[in-house]
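Numbering (the numbering used here), first residue to last: 155 to 658. Just so it is clear, CB atoms sit at the ideal spot from N, CA and C, and this is done for glycine as well.
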């Protein structure tokens, strides 16, 4: 960084709900990485359950401050986006009113950009970086006309508040292309900061090893699919490809299909039934293990009989321990989703030296190096193919021959690619480079930040005015708050409003 910012920065992350998920993993990894570089880091969130969070948060390796948790997340199962914005607004309002907003050199915001104009306006010396995992408006289901109309102001708000950022980064070049198509009013060219995976292996539980031994025999080989039981994940592609390949005729070969499953979610239940029916239609013997019942009573849980003789094994909502074990020992990961924003599971397979077969679009195009024998054997980490079961089946058969003749290709290339491009160190370096470039440019007050903030100020003025003259002290209270926070423009505004209230 330039001479003005060679010292350690005081950095604040703002994230809606610090639970367990891909976005949360990125925030924690980025925060740890920047903290290890000597910067002071605080994560602000509206909710954090210490029984449902990552170890770094649970062990207090990071400073986490929860603000605005008293607000609900919805009203009668609806208005989630409205309450998410309100909770973030309460969080930032607390930073403004306590003066904490002026303590920080940099704010890193993700998922919801609503607070960005306020941070930009009230944090007078701070820069604001927004991390766009994927446009929120494209993630929301808007089937009903009324819901489409309800979403319109929030979709516009997402676009215009993001415009107040000093810098926007995205998680892949694929997301960058969607960014340009979605946010047509923005004149921004986001940079790419790839998410990362932990290089170290996680410990494996004894119960998971015992379950594994009941499924996989000493001479067995298996192919692995890890996805939620949702139709958009196209797990059917893996089943059809496996049935067409010669591997389905090998008595020592299996296909393991594991993924997130909630029996309260209709699609999860129905899609699992569809996949089971497909196995029957294709004459593939199958069994299903509902992992949550096994994990709650591993001694008493009765696994389906004859597991070692089944061709396809379904396992629902497996533990991270069992997931790690399966990724370490599989022949290949079959990553079936199309147009995935990024896709962290292929990285987890490559980290373990496991080849990946993925659809040739979306995030995997940037993470998986598709094998061209004799051309890129020293770089390849798997195969990229169209969403076609016949072509996938051909790769399954091709891989058996190739890996037997080239035993070290994927086991060497995968971990090396992860270390170079998708490790925490690589991600931190990418963040630091973007932060450095941001501070090298002049900080400019974005007009949308001013307009949004003044709009809020006007709304607050109208609210206070509606209380009547008996609440005149509120004008002085608000004016004093702004003046004490060195925001003289808004402080003077409220002093004038106090003297002129009788004329309004």
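The stretch 421-468 contains, as complete beta strand (DSSP E) runs of 3+ residues, the segments 440-444 (chain order). In this structure, residue 216 lies away from residue 246, with their beta-carbon atoms at least 8 Å apart. With fewer than three CB-CB distances shorter than 8 Å, the stretch 481-491 does not count as touching the stretch 463-473. Between the alpha carbons of residue 263 and residue 444 lies a distance of about 37 Å. DSSP, read as helix, strand or coil, puts residue 405 in coil. For residue 383, the number of other beta carbons within 10 angstroms of its own is at least 16, and it is reported as buried.
The beta-bridge partner set that DSSP reports for residue 283 consists of 262, 321. In this structure the stretch 496-512 touches the stretch 532-546; the number of beta carbon pairs closer than 8 Å is three or more. Between residue 567 and residue 532, the gap from beta carbon to beta carbon is short of 8 Å.
In this structure, residue 322 and residue 342 form a Cβ contact; the two beta carbons are roughly 5 Å apart against a cut-off of 8 Å.
Under the 10 Å beta carbon count, residue 242 is surrounded by 16 or more other beta carbons and is classified as buried. Considering only 266, 529, 282, the residue with the shortest C-alpha distance to residue 312 is 266. Here the C-alpha atom of residue 594 lies approximately 22 Å from the C-alpha atom of residue 286. Residue range 234-252 is occupied by the alpha helix (DSSP H) that includes residue 251. C-alpha of residue 209 to C-alpha of residue 518: approximately 28 Å in a straight line. Between the alpha carbons of residue 587 and residue 362 lies a gap of roughly 41 Å.
The three-state secondary structure of residue 582, taken from DSSP, is helix. A check of alpha carbon separations from residue 551 across 399, 623, 637, 502 identifies 399 as the nearest. Residue pairing of residue 413 in beta bridges, as defined by DSSP: 470.
It is roughly 16 Å from the alpha-carbon of residue 456 to the alpha-carbon of residue 440.
Taking a C-beta distance under 8 Å as the contact criterion, residue 637 and residue 645 qualify as a contact pair.
Residue pairing by DSSP places residue 355 in no beta bridge whatsoever. Exclusion of the five residues before and after residue 501 leaves 351, 521, 572, 576 as the residues of its chain whose Cβ lies within less than 7 Å of its Cβ. Between residue 221 and residue 248, the gap from beta carbon to beta carbon is short of 8 Å.
In the structure shown, residue 229 falls within a strand segment according to DSSP collapsed to helix, strand and coil. The count of Cβ pairs closer than 8 Å, one atom from the stretch 421-432 and one from the stretch 384-397, reaches three, so the stretches are in contact. With respect to residue 397, residue 486 sits apart: the two C-beta atoms are not nearer than 8 Å.
Secondary structure of residue 568 (DSSP, three-state): helix.
Here residue 201 has 171, 223 as same chain residues with Cβ atoms under 6 Å from its own Cβ, once five neighbours each way along the sequence are excluded.
Counting only the Cα atoms, residue 279 lies some 25 Å from residue 182. If the five residues before and after residue 607 are omitted, its C-beta is found closer than 7 Å to the C-beta atoms of 271, 272, 275, all from its own chain and listed in chain order.
Secondary structure note for residue 576: it is in no alpha helix (DSSP H), with a DSSP letter that is neither H nor E. Rounded to the nearest angstrom, the gap between the Cα atoms of residue 624 and residue 187 is 52 Å. Residue environment analysis places residue 524 among the buried positions, since at least 16 neighbouring C-beta atoms fall within 10 angstroms of its C-beta. Shown here, residue 486 sits in a strand according to DSSP, grouped into three states. When the Cα atoms are used, residue 310 and residue 478 turn out to be separated by approximately 41 Å.
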